[in-house]
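Working notes, beginning with the structure itself.
Chains as they are written, first to last, in the numbering used here: chain A, 1 to 921; chain B, 922 to 1842.
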């Protein structure tokens, strides 16, 4: 038995005397000094909010006086569950300073000091922590305020808010208890919104709230402002240990021992008259990134009113007209803060009796379009470096420039019918077609927009998929055939929608209550996985966005990793090149075999037992393949083109076993039930044909096809086939070279696991290549290499490198074999459960498993380059377009990643990010 | 383009003057001096034959004078293709010495010297090299010999042999040319054997042979003995480069640059009268190992006559009576040679006119029974050490003590009908049964010996397999289900007999011309893969052989690696313990699920969608499993028992998809063709039932089940199931412990690939274990651990070792994932081709792939023990019983190997060999 090591909380040092736990907003330098001048550590000590308020104070920006109780104080409290005297002592001193600075006083009903008490951790933890506003109010202060001319409704609304927040935050009274009182009161008054309630209503409500607290907790709402503050501070400390906070930290990987700071700040009010206002503003346009201050405000209002949308806000330009001085001051502050933080700011302000106060500033959220424009503008303004600009744009943001998207308004008003796996982003609208032939016919002959819907797709559905605007399946996972092909061609796709019941025979599908017939319109969003009824309107963003192009240009200057593309057809190659691809890292020759006029030849090759007929079939594929390669070489003139030899098991080219079995059963029943001999003959001949196919399919069928007779194994068993492919490659290359095109073919042998496989196959193929070049009388620069897609190939990479001139990691297959997971099965099975339960931190088919597979790849790179330091190493397959995986590839020293054309720009940026992350780590 | 590095033969140093190329038999010390006293190098210089003849000469054993031309001379010749003068000069000097020693002379027809010229390489290369006898004969010498009283027939028979061997060996005349002359002559004389031909026939034949040489080569047979010798020597040199020799060396991994030596020795003749004899003898009995000289001889005969069996030989004891002096001398020499070589000797001798000559001695071939007895006897005689004795017995020899074998005579006379893969050794005789139920019924109810014949077997065939004497399948490979189960139970099996056409419906099979009905007798030999018609008689060797037990006892003293066993049932555990197992390394709990009274419960558990019903099914398995474990703990009292939790995918417990599809198709046809409504109802209800099964099987079906929902994945999805198993284990353990049995349960979690799987499952199961022990009020020592059977588990073994208290390598699955090879498919597919073509040096499912998988295992051991040096590590599965794999496990520092009971003794010996190999390397 192993006794699990239990970590015991070591008792904390309790010598807290002399420690500074409270910093006024104007003491930021002292905080900096304490932590050695590191701003990140200041944020750790004071929390994000507290640090920024102090920072603005230093900058001379008008900030209401206040102070911050440090995270250290919080941790001290949490270690003993007693409010430390020293902390409270320092808070009292700080309050006295605030009183002095504002001329207001706690407990002075003539000129009362009201403060807010807010949590503020180092990292933003939305919705987790608690706030108490209006501390300092009590019956006496409220009455005096009204007497002094304060608006009675405003004063008691403020008061009831204090009582409500105090009750729920400090003493855990369920907020519903309070809300139900307000609801009743609205009903009693016959009004619909809180804004319509009167001063009398709020006076009564405040009273009722106090009674609720008394009843539920047995305690009186404290009259003493100091008591209010102390209890509120303690409650904020405690909230760090709340369930919501713990869960959030666990999910966001935030350490449990950081603690929260507490910021206490003088209240200001924008709703004290016509010389008051409140508003929010962005220092630049958050949608477009245009460099202009913009925002909304309300005269004589509170911050909440702006956000809540109860009143019609005014654009900020109006403030310029109404309060030119305050506006000018704000505009200057906005510029100052932008310059200081070197980023677009999201600010809150209040004008109390003509005086401007900043309540908050932080980096503003923005669209991808705004992100790239602001980044580029700020470089030109000299605010940030190019590196900084590149770093700010996230690879995922680039994605939005590449796919059509639904109009957000249309999305709101449409009927969502299901959600599946969002495997290939983009918006698609079309009529439902239930098979590839129908999809193709409708699209090409009738010019319809089609969405192909299938239980799952197979390679011989590709023509239909190509013709469709979108793909929807009820089965399959993130890397199912449908998903792979869809991403490859940038076709939006949603897969694995399990609630989809497709009745292929009746040509309809049922999703919950919705019945959809073939030909009906649907819309799907491949980015969110949502499926809608009918046609949603879309908007197509423009990839020619000059700001984006500039960012990518700068990314190219930074990155060292090349970005290649996976492309099987010239049109993909051209697109990828436009997007910046520096080569083709994977051309899958088998995709060409599935084209409708070729498949019968391929099937003939497989079905015949006659060697001569087989040879004849293979030979007739030669000119077709040669043409394919010519197109690719032309498109990639001057760049390398890696062509993978035939990979899938042969049975993939034949009808499926299940289909044949079912067809045969049907035919046999027909045979029994038919009467006319002529009909019987026809049925019998169909049975004979299908039986022949079935026999061959049975012979080729494998228990685990993924680990079966494919890749180089096929090449060794049927050398004529791969020799034909190599002949086609070199005939095409010679022809192009003669026409002045710079061809750089690289022939890739798939699925090797033992060096002898590579040796045997490469020897045979290289002699074919030499033969063709001799015949054509021209020498081409070429390479032979191998996929590294079995663990053994990686483990013996030193041996492989004796023959291979390049490696290309096939991380899809490697992930399957390293984990022992069949992706076809797992992604609609236990993997979902694993991800939900956190057993796997992320889907290894999306992001390379760094700990396991990463270690194996590292070994392979090291072994491969041990005696061949110039060995070209890349990665093809799904992970090549994933930013986290790209970072790993950069760290491992790979030469390139290869991804689908639509991910090329993303990969360019991610590769630059990898360099920058390396620099700063 | 990579220019393949071409090794150029560096031109050899030609300063051969002063080098010694010829050693007389009495110059062995000089040869030893040259190579620094290393006998292995003497063999390298003089070849095996030349070295031993020189060695015997030194020992004073009567050896006819002669000398050896070194392998260096051969290499010198081969580097220039010219006979080096220096070599020939030294040969001439040696001939002169032989002439002096024998008093005979080349070219002296009155007293001619005749010699043989034979090749002799360091390593025996059977059938490859060439020999020329009777060099020195020509017309003149022959005639003079006859005149001197030599037997004319004998002299001319000898002469024609020289001409024939010279023609074919030296000048490449096809031997058929010579043989057809002899055939014609026999026909002309009307006799059937060469022995009946007369002196006149041989005189004429000799003449004709010379004419053939003249016609075919344009050259005259050389009269000069020196010329004969020089050309013969050169021919032997050249034979090193012959195609046969090159092919053999390639296959046997013998380096090409060793060269062959040439031994030239005076001829002696045992056929010169009644005082002459010739014979062969073994210094001990080669069948039983008894320490007595035994052999055969003939008076007045040649060596060939003894071997050819033309004349009835006499037992050696008769020589004692006929030639007591010669016999006594030979007996003494036999003892001397045994003492010298410390091994049983296989000797050839000739007595020429009363004088004994030894022609050859070498270590004798023997049966396994003789091997162990001789080894033990020689230790007791003080000839060899225990270590040497252990080293001499090969693990494969131990195998023959464990399985019944066919009587060799019966095998000779029986009809062989096919040969398949020899997957489980032993002889089996029985009547053919084509399904498991029939096999079981015939065996248990009718007491028949049954051989179960299936296209392939499935887990639910196990009851039939258990009841059968042997298993025969037409499909499947070396590690197919049939092979695995057969080896597990020591049932002889032959699988993958592709020419077997089984017609299950007609209950018959066709093999070539043979038609076998169900119930017919066949016999199969699992050691050779042969299948015979009818009943062959068998003999059962006894494992209680005291010599074998002694060898294994000595092996146990030497080895450091423990040997555990794979056992699912108490009877296997008992057997394995008798064979020396030190624990159970793998108990596969799922095998228990397949038993006929349990399978329905298991199916109910899988089929139901109702959680409560599922729970009820699982609960009713609990007492059954508990009983299983009780039996195992009792059998292994005091030894560890590793129990693996449920591993296979659930669909393995249901009828197969194909079967259901076919049944349903048949039933539907019946439905259409039947007339009576009653019948229809019955068919319809069958259809409904099968359809329900089919639906569930479809839902569970996986594209690659090997990489699917099995092992710990099942445990995590259905924790109730593994918790029930753990409860059963601990309830059984507690009960046994209370009864005074020393229980050491180790619970093994299969197919982990991420540490979190282990963490989650182990936490859940360990709490069940604690719960049971608390209920029972007793503490048991136990371990939790994991299989290492995915590459990722191995790569992250450091993480795994944080939770697992033991590792067990599942090298079957690891081989599949490391290579990316599905064993079910490959062993009847491309793997065969790979092994035939030498693409893979050996079947990785038989012997652990040292280069790839070995490296991964080494990593895992190192990582696992990095922070946990005492981590228990073993291997279970097929490789655990393979000697080469056991050697690897020893080198990697594993604690134990676990193998099927029948391989335990083999593993014990192999583990000792691993220690000895380590010592001497």
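We put the beta carbon where it would ideally sit given N, CA and C, even for glycine. Since we're looking at a predicted model, the values are computed, not measured.
Reduced DSSP secondary structure (H/G/I, E/B, other) of residue i
i, result
"residue 277/A", "strand"
"residue 933/B", "Annotation note: pLDDT 37 at residue 933/B (below 50); position unreliable, no value reported."
"residue 1843/B", "No answer is possible for residue 1843/B: the residues shown for chain B start at 922 and end at 1842."
"residue 342/A", "coil"
"residue 1764/B", "coil"
"residue 295/A", "strand"
"residue 1080/B", "helix"
Residue-chain proximity (residue i, chain B), Cβ-Cβ < 9 Å
i, result
"residue 729/A", "no"
"residue 135/A", "no"
"residue 852/A", "yes"
"residue 704/A", "yes"
Cutoff 9 Å: residue i Cβ touching any chain A Cβ
i, result
"residue 1764/B", "no"
"residue 1777/B", "yes"
"residue 1712/B", "yes"
"residue 1255/B", "no"
"residue 953/B", "no"
Same chain only: Cβ atoms within 6 Å of residue i, ignoring 5 sequence neighbours per side
i, result
"residue 568/A", "587, 588, 591"
"residue 1440/B", "1352"
"residue 1529/B", "1535"
"residue 1083/B", "1055, 1058"
"residue 254/A", "123"
"residue 1839/B", "none"
Cut-off 7 Å between Cβ atoms - residues of its own chain near residue i, not counting five sequence neighbours on either side
i, result
"residue 1253/B", "none"
"residue 387/A", "558, 916"
"residue 848/A", "811, 854, 879, 885, 888"
Close Cβ partners of residue i (< 8 Å) along its chain, the five nearest in sequence each way excluded
i, result
"residue 178/A", "164, 167, 168, 209, 212"
For residue j and residue i, believed in contact at Cβ under 8 Å, the rounded distance
i, j, result
"residue 1574/B", "residue 1539/B", "No, residue 1574/B and residue 1539/B are not in contact; Cβ-Cβ is about 13 Å, not under 8 Å."
"residue 951/B", "residue 944/B", "6 Å"
Does the pairing of the segment 260-267 of chain A with the segment 37-55 of chain A give three or more beta-carbon distances under 8 Å? yes
With contact counted as at least three CB pairs below 8 Å, one residue from each stretch, are the segment 1366-1384 of chain B and the segment 1471-1485 of chain B in contact? No, because fewer than three Cβ pairs between the segment 1366-1384 of chain B and the segment 1471-1485 of chain B fall closer than 8 Å, the two stretches do not touch.
Determine, using beta-carbon pairs with one atom in the segment 1328-1342 of chain B and one in the segment 1811-1828 of chain B, whether at least three such pairs fall under 8 Å. no
contact_flag[the segment 975-993 of chain B, the segment 1276-1283 of chain B] where n(CB pairs < 8 Å) is 3 or more: Judged by Cβ distances under 8 Å, the segment 975-993 of chain B makes contact with the segment 1276-1283 of chain B, as three or more pairs qualify.
Cβ contact check for the segment 536-553 of chain A and the segment 367-380 of chain A: 3 or more pairs under 8 Å: Contact between the segment 536-553 of chain A and the segment 367-380 of chain A is present, because at least three Cβ pairs lie under 8 Å.
Measuring CB atoms only, is the segment 549-558 of chain A touching the segment 709-717 of chain A, in the sense that at least three cross pairs come out at less than 8 Å? no
Between the segment 1647-1661 of chain B and the segment 1585-1604 of chain B, do three or more beta carbon pairs fall short of 8 Å? Cβ pair count under 8 Å is below three, so no.
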